[in-house]
Structure formats: structure tokens, C-alpha cells
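Beneath this line is the structure, given in C-alpha cells, with notes to follow.
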Amino acid sequence: MTAFTVSSMQNLPAGLRNVIGKHFADSRWRETCAYYNGLSERYRLTVCFHAQLKKRHSVFRLQEMTEAERTMIVCAIDELRHAFSRQRKHGINHATFLSWLSVSERKTLFMHAGLSEKEFSQPYWHINDESCKWRGSLLRALNELLSLFDDAPEILTAIKPEEYFN
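According to our numbering, the sequence shown is numbered sequentially starting from 3.
As C-alpha cells, this is what we get:
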């Protein structure tokens with residue numbers, strides 16, 4: 003799983019950049035756009051939140067965004083799919099999994115669950131307590147994020163095909 007951005011493309015030798023642009027760029031771009039554009043607005047809000055973009059970005063299609071915005075979106079998807087990988091969650095309790103998430107990943111999870119800063123600031127091991135009021139919301143959101151990236155392309159790209167030749 004890889005996120006391909008303009009900065010990573012610029013580090014490639016010109017010949018390799020041309021080969022990728024000629025043979026792979028179009029399909030990678032179409033797959034990335036289809037994946038992001040196919041997300042519901044709620045999931046796009048979650049990705050935009052993690053990418054530190056504004057809510058209004060969630061209504062744009064990937065092709066309609068600037069290069070910088072596309073890069074932020076693609077990097078956010080890549081980071082979240084690594085963080086919320088089913089293999090990473092397999093066989094461990096919820097509190098341990100939450101402890102492995104970075105602060106920004108945990109904030110994204112809590113935002114996706116519709117929880118506030120108040121719940122976020124509580125110790126995350128409360129999730130193991132059945133009487134925890136926000137446990138159900140957080141577990142639903144966790145399960146959603148664990149399956150959200152199942153269909154994401156192996157290689158995500160923020161680069162439009164024509165940008166390989168500029």
C-alpha cells in the first residue's frame with residue numbers, strides 16, 4: 003500500500019517517471035478517484051477531517067481539488083488504512099488497539115463516532131467498561147473504519163496523469 007504524490011514523483015528519474023506516466027498513471031488515477039468519489043459524504047468528512055481540510059472539501063470530487071488538497075486526501079487515506087488495518091486489530095482488545103493509534107488517528111476515530119472533545123479527553127481504557135456511555139458509538143465507528151479501506155486501491159495517487167510529463 004502506497005500513496006504517490008507529486009513530491010515522490012519528482013524524486014524519480016525522468017525515464018521512470020515517463021514509463022509510469024505512459025503505462026500506469028491513468029489506471030491508478032481512475033482507481034483512486036473512483037474510490038474517493040464513491041465514499042459517502044460521512045466517510046469523506048472523516049477523511050477530510052484527518053487531512054485537516056475544511057468540511058466543504060467533502061463535497062468536492064477528487065479531480066476538482068487542487069494538487070495540495072489531493073495530496074492531503076491521499077496521504078490521509080493511506081495513513082488511516084494503515085492505522086485501521088484489520089490485521090493490526092486482530093486478536094487484541096479495544097483499549098490496546100486505541101493505545102497504538104496516534105493522537106490524530108484517535109481524534110479522527112472519535113470524530114467519526116460523533117463524540118466530543120470531552121469524551122476524547124477521557125482515558126481510552128474506559129472503552130473496556132460496559133457501562134461507558136460512549137462505548138457503543140466508538141465501537142461502531144471503529145468497525146466502520148476497519149472495513150472502510152478494504153476496497154481502497156493498493157496504490158493511491160494524487161497525481162493527474164498529465165502531470166507526469168510536465
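We treat Cβ as the ideally placed atom computed from N, Cα and C, and that holds for glycine.
For Ala-115, three-class secondary structure by DSSP: coil
Using alpha carbons as the reference points, say which of Val-49, Leu-158, Glu-107, Trp-136 lies closest to Ser-118. Trp-136
For His-96, tell me which candidate among Ser-123, Leu-82, Glu-132, Thr-73 has the shortest Cα-Cα distance. Glu-132
With three or more beta-carbon pairs closer than 8 Å as the criterion, would you say the region 75–93 touches the region 44–59? yes
Rounded to whole angstroms, what is the Cα-Cα separation between Ala-5 and Ile-79? 8 Å
Please state the DSSP three-state secondary structure of Ile-157. strand
CA-CA distance, Tyr-126 and Ser-106? 14 Å
How would you call Glu-84, buried or exposed, if buried means at least 16 neighbouring beta carbons within 10 angstroms? Checking the sequence, you will find His at residue 84 rather than Glu. Under this definition His-84 is an exposed residue.
Between Glu-69, Cys-134, Ser-42, which lies nearest to Pro-163 when the distance is taken from Cα to Cα? Glu-69
Give a yes or no on whether 7 Å exceeds the smallest Cβ distance from Cys-134 to chain C. The question asks about chain C, but that chain is absent: this structure has only one protein chain.
Ignoring anything shorter than 4 residues or poking outside the region 58–108, list the alpha helix (DSSP H) runs there in chain order. 69–85, 88–91, 96–102
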